[in-house]
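Residue numbers (the working numbering): 1 to 147.
What follows is a short report on a single structure.
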């Protein structure tokens, strides 16, 4: 009989259960990244400088209307063969964009959509003297700037 009373008392004691939400939060910083997928090649002949193969650049951004792509033409050759005494002048650097943002032959582009873009860069210019045999290099700058 005593066992039955004890069991009855145990069953009649309400169990207190408590639950609590455990929140998590995190911040994602705005970003725009520019990575060269493949460098371009120059076509140099006589005094003419042009693009033989476009440079290909991968651009990713995670915020619409927050960034602008800008291209700056090379200021000259960054490397020339020994014996070249001329000055290379680059009059143009343009790019095409495909992916989240589309453009053709531009020097700047507001990234109105977030996502991934493939950017093809071309350059052109002249030399003040005939270019001699050897390897020439130039560097254009593609930047992703906050608006």
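Ideal placement from N, C-alpha and C gives every residue a C-beta, glycine not left out.
The structure displayed is predicted, hence computed values, not measured ones.
Between the Cα of residue i and the Cα atoms of the options, which residue gives the shortest distance?
i           : options             : result
residue 136 : 40, 25 and 144      : 40
residue 44  : 140, 101, 77 and 60 : 77
residue 121 : 143, 25 and 81      : 143
residue 63  : 54, 90 and 29       : 29
residue 101 : 112, 91, 94 and 107 : 112
residue 134 : 117, 46, 109 and 59 : 46
residue 79  : 131, 115 and 19     : 131
residue 123 : 33, 97, 107 and 116 : 107
residue 193 : 73, 33 and 17       : Given a span of 1 to 147 for the chain in the structure shown, any question on residue 193 remains unanswerable.
residue 97  : 91, 105 and 90      : 105
residue 71  : 53, 24, 52 and 34   : 34
residue 42  : 66, 90 and 26       : 90
residue 95  : 53, 66 and 114      : 53
residue 116 : 55, 59, 23 and 17   : 59
Quick one, are the C-beta atoms of residue i and residue j less than 8 Å apart?
i           : j           : result
residue 86  : residue 128 : yes
residue 57  : residue 139 : no
residue 147 : residue 109 : no
residue 48  : residue 126 : yes
residue 36  : residue 66  : no
Buried or exposed: which applies to residue i, given that a residue is buried once 16 or more other Cβ atoms fall within 10 Å of its Cβ?
i          : result
residue 61 : buried
residue 31 : exposed
residue 15 : exposed
Report yes if the C-beta of residue i is less than 7 Å from at least one heavy atom of the ligand ZN; otherwise report no.
i          : result
residue 68 : Questions concerning the ligand ZN fall outside what the structure shown contains, since it holds no ligand whatsoever.
Per DSSP, which residues does residue i bridge with? Please list them.
i           : result
residue 110 : 68
residue 18  : BP columns for residue 18 are empty, so no partner.
residue 126 : 48 and 89
residue 115 : 61
What are the start and end residues of each continuous beta strand (DSSP E) run of 3 or more residues lying completely inside the region 26-96, in chain order?
With a minimum length of 3 residues, the continuous beta strand (DSSP E) runs that stay inside the region 26-96 are 32-38, 41-45, 48-53, 55-61, 67-72 and 77-79.
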